[in-house]
DNA sequence: TAAAAGATTTAAGCATACTTAAATATTAAT
DNA sequence: ATTAATATTTAAGTATGCTTAAATCTTTTA
Ligand SMILES: [Mn+2]
Ligand SMILES: [Mn+2]
Ligand SMILES: [Mn+2]
Ligand SMILES: [Mn+2]
């Protein structure tokens with residue numbers, strides 16, 4: 038499988054997870070930075086290889102075979118991210134960018150070596166689950182983006198996902214890190230702002246950032 | 038630069054070092070496992086990009102630009118080899134095979150991170166020198182293959198280079214490791230066998246293996 | 001519900017990286 | 001010095017992965 042094919046399958050898989058997004062060729066094309074025509078073309082080719090289902094003007098859907106391949110690429114991606122993050126002094130964005138390349142140059146044997154070395158990790162440094170060698174993904178905690186949380190409740194940060202340098206910089210500056218607990222103070226719905234309290238400080242977070250911060254309710258016994 | 042181009046330049050560079058081998062398209066094709074026609078084609082394209090000099094029926098020669106690119110790929114290859122060897126339980130052949138893939142998926146930044154983490158290594162685990170970021174290669178010791186050594190002299194092993202699993206297995210079984218000292222007992226020239234003494238044991242090595250073992254004279258003061 | 005806007009597909013074309021088969025040049029052998 | 005063997009190049013063709021422009025379909029909106 039070429040890097041182009043791997044990225045294509047991976048993108049569809051990720052879009053399907055985020056039910057909000059449609060998986061028509063156009064969206065995939067945009068995410069990959071290629072033309073709509075190229076994405077349609079790829080879709081037809083991959084459907085001939087039984088990696089996805091494609092009917093004109095419909096959303097693309099991975100076949101079990103396609104999903105399995107996507108999961109193997111995602112596994113390699115997240116294993117590299119975890120390894121790079123633990124081993125070197127690299128940021129959450131840097132590890133993603135390097136893993137985006139390395140994932141296509143990783144033998145199954147190499148993935149196994151990383152997996153064992155890292156002691157079978159379940160989550161990568163962004164809080165995303167790492168599929169096992171059979172493509173099985175660990176139970177994902179019930180999560181929502183900060184943008185959609187309720188006022189006056191406590192949450193724990195469990196995922197930070199973005200391709201934006203400034204987002205990670207913002208998180209870093211404001212102690213927004215996986216595992217930390219926060220309280221949602223107020224939702225300024227009209228202006229799409231979320232005010233939270235973290236480490237005793239109040240901060241107001243615009244939609245552009247709050248949409249990338251996933252949280253889970255803190256168990257208030 | 039594509040992986041194909043990188044492998045092509047790298048192979049020419051390595052062949053040029055080993056003066057024994059010619060660098061006509063045919064030899065490169067054989068080494069890369071592609072057809073002669075494909076190699077000729079690639080040679081013409083790369084000469085248009087000023088990466089090498091190509092005149093019909095002549096040996097290929099890297100331009101300064103081509104050599105510089107080849108050295109960067111070799112640098113990445115050998116940095117990965119060194120890193121994998123030190124970090125995981127991988128053999129001299131395994132690290133080579135993985136590095137062959139990883140070298141094409143490595144940003145300059147990633148190479149720098151490896152280089153610093155490894156504390157600016159000069160040699161990879163096979164004993165091959167690692168070019169620095171400017172493509173400068175450390176002084177290489179005066180070496181020859183075991184096959185061409187003189188009888189009744191002492192040598193130190195400084196390089197082991199091969200793509201053959203059995204070769205490395207042989208080395209391992211017989212304590213043929215970089216740094217170890219040996220004595221050449223006898224050259225059976227007609228049968229192309231070299232008898233050496235290592236760790237008190239005598240072993241006879243056929244040309245297929247002795248050609249992959251590089252040694253340097255031990256300084257007898 | 002019909003036109004306008006927007007998305008998707010088709011068509012034509014290009015670059016890369018390969019293939020096999022035929023033509024041609026070089027090298028080795030008689 | 002020819003001839004034969006070998007190597008190299010050219011030619012024609014294929015698959016992948018992209019492009020832009022035009023045609024077609026779907027969705028929105030008036
Ligand atoms: Mn990728
Ligand atoms: Mn991740
Ligand atoms: Mn390679
Ligand atoms: Mn090496």
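Residue numbers (the working numbering), protein chains in the order written: chain A, 38 to 258; chain B, 38 to 258.
Ideal Cβ positions, reconstructed from N, Cα and C, are used throughout, including at glycine.
Residue i - DSSP class collapsed to helix/strand/coil
i	result
residue 190/A	strand
residue 234/B	strand
residue 160/B	strand
residue 197/B	strand
residue 251/A	strand
residue 218/A	strand
residue 91/A	coil
residue 181/A	strand
residue 138/A	helix
residue 12/B	The shown model of chain B, from 38 to 258, leaves out residue 12/B, and the question about it has no answer.
residue 240/A	strand
residue 223/B	strand
residue 168/A	coil
Euclidean distance between Cα positions of residue i and residue j
i	j	result
residue 244/B	residue 196/B	16 Å
residue 252/A	residue 123/A	23 Å
residue 230/B	residue 184/B	8 Å
residue 85/B	residue 117/B	31 Å
residue 198/B	residue 78/A	44 Å
residue 247/B	residue 208/B	10 Å
residue 89/B	residue 113/B	21 Å
residue 64/B	residue 87/A	39 Å
residue 214/B	residue 162/B	10 Å
residue 96/A	residue 82/B	40 Å
residue 222/A	residue 216/A	19 Å
residue 74/B	residue 51/B	21 Å
residue 41/B	residue 69/A	23 Å
residue 206/B	residue 59/B	29 Å
residue 153/A	residue 147/A	10 Å
residue 149/B	residue 189/B	44 Å
residue 115/B	residue 233/A	48 Å
Near ligand 1: residue i beta-carbon under 7 Å from a heavy atom
i	result
residue 44/A	yes
residue 141/A	yes
residue 96/B	no
Ligand 3 heavy atom lying under 7 Å from the CB of residue i
i	result
residue 135/B	no
residue 40/B	yes
Residue-chain proximity (residue i, chain B), Cβ-Cβ < 8 Å
i	result
residue 141/A	yes
residue 192/A	no
residue 132/A	no
residue 125/A	yes
residue 118/A	no
CB contact check: residue i to chain A, cutoff 8 Å
i	result
residue 147/B	yes
residue 138/B	yes
residue 154/B	yes
residue 144/B	yes
residue 202/B	no
residue 150/B	yes
residue 135/B	yes
Residue i Cβ short of 7 Å to ligand 2 heavy atom set
i	result
residue 163/A	yes
residue 118/A	yes
residue 81/A	no
residue 115/A	yes
Minimum C-alpha distance to residue i - residue among the options
i	options	result
residue 164/A	62/A, 175/A and 82/A	175/A
residue 38/B	127/B, 143/B, 158/B and 92/B	143/B
residue 155/A	125/B, 192/B, 189/B and 104/B	125/B
residue 57/B	182/B, 70/B, 145/B and 235/B	182/B
residue 101/B	137/B, 149/B, 148/B and 171/B	171/B
residue 173/B	71/B, 110/B, 146/B and 212/B	110/B
residue 157/B	134/B, 179/B, 189/B and 120/B	120/B
residue 235/A	242/A, 220/A and 224/A	220/A
residue 255/B	204/B, 180/B, 71/B and 211/B	180/B
residue 201/B	238/B, 134/B, 45/B and 239/B	134/B
residue 191/B	240/B, 167/B, 218/B and 212/B	218/B
residue 332/A	228/A, 99/A, 92/A and 130/A	The requested residue 332/A is not part of the displayed model; chain A covers only 38 to 258.
Any non-hydrogen atom of ligand 4 within 7 Å of residue i CB
i	result
residue 112/B	no
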